[in-house]
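Anchor point for the sequence shown: position 27 equals 26 in numbering that gives the first Met the number 0, and the numbering is continuous, going up by one each time.
Every residue, glycine too, gets a C-beta built ideally from N, C-alpha and C.
Structure first, then comments.
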Amino acid sequence: MGPRLTIDEKRKRMMEIFHETKEPYLLKELEKIAPKQKGIVSQTVKDVVQSLVDDNMCYCEKIGTSNYYWSFPSETAVKRQNKMKELDIEITQQNAKKSEYEESIRQAQLGREQTGERTALMEELAELEAQWDSQQAELQQFKECDPVLMAKKREEATIARDSANRWTDNVFILQSWTRDKFNMESADFNKYFGIPTDFDNV
């Protein structure tokens, strides 16, 4: 059994099913497909899909007596871009408010008096900072789901894998040369250079 998936990983993989196939699905179809293709436990599929619907990343339409779910890449990209713009605007507004409150606190600190106004400003500043952190986290989550960034990460992973395999091949070549040149067994070579027994290409 593979490692347990987080809710964010399940959401990403479910979106991959929609975007790769570009087809609508019944819930029972997703409960069969998701475990086989993406490793999502069938009992969690309903909650994962509903969370995507709640966040407007996936659509649900009742046709006849059945509910169909779908999400096309173009629609999701537009919604994600709009959401990111909204978050950017909110963050800019919060930053402006934060600057105002920081200036007010700075002025209040000049006299070092612990006034009720200063205390209230400190509390409001703390609340704004918490909102700002939350919005930054939400914005980062949308960026992580960006198809362009995901494609770039996959490309970087492929390059890293190929590079690792080249180094692995070089080690095997050196191992063969040492065996032929010095009559050294592969096991002795691995032990001498600290190479694990399961060392192999990725």
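Opening and closing residue of the alpha helix (DSSP H) in which Glu28 lies: Start and end: 26-37.
Give me, in chain order, the residues of the same chain whose beta-carbon lies closer than 6 Å to that of Val44; leave out the 5 immediate sequence neighbours on both sides. Cβ neighbours of Val44 beyond the five flanking positions: Leu29, Glu30, Ala33.
Own chain partners of Tyr24 with C-beta closer than 6 Å, once the 5 adjacent residues on each side are dropped: Cβ neighbours of Tyr24 beyond the five flanking positions: Tyr68.
Is Asn66 near Leu26, with beta carbons less than 8 Å apart? Yes, the pair counts as a contact, with Cβ atoms nearer than the cut-off.
So what does Lys61 bridge to, in DSSP terms? Answer by DSSP bridge pairing, in chain order: Asn66.
For Tyr100, which residues from the same chain have a beta carbon less than 8 Å from its beta carbon, with the 5 sequence-adjacent residues on both sides left out? In chain order, Leu120, Glu123, Leu124, Leu127 place their CB closer than 8 Å to the CB of Tyr100, counting only its own chain and leaving out the 5 sequence neighbours on each side.
Inter-residue spacing [alpha-carbon to alpha-carbon] between Ser50 and Glu60: Their Cα atoms are separated by approximately 15 Å.
Sub-8 Å separation of Lys37 and Arg3 beta-carbons: Result no, Cβ atoms of Lys37 and Arg3 do not sit closer than 8 Å.
Alpha helix (DSSP H) containing Arg12: first to last residue? 6-20 is the span of the alpha helix (DSSP H), which, as asked, contains Arg12.
Whole angstroms is fine: what's the gap from Asp54's alpha carbon to Trp131's? Take the alpha-carbon of Asp54 and the one of Trp131: they are about 20 Å apart.
DSSP state of Met83, grouped into three classes? The answer is helix: DSSP assigns Met83 an H, G or I state.
Less than 7 Å between C-beta atoms, sequence neighbours within five positions excluded: which residues of the same chain meet that for Gln42? The answer is none, since no qualifying residue turns up.
Alpha carbon to alpha carbon, how far is Asp197 from Arg178? Give it in angstroms, no decimals. Each residue's alpha carbon lies about 19 Å from the other.
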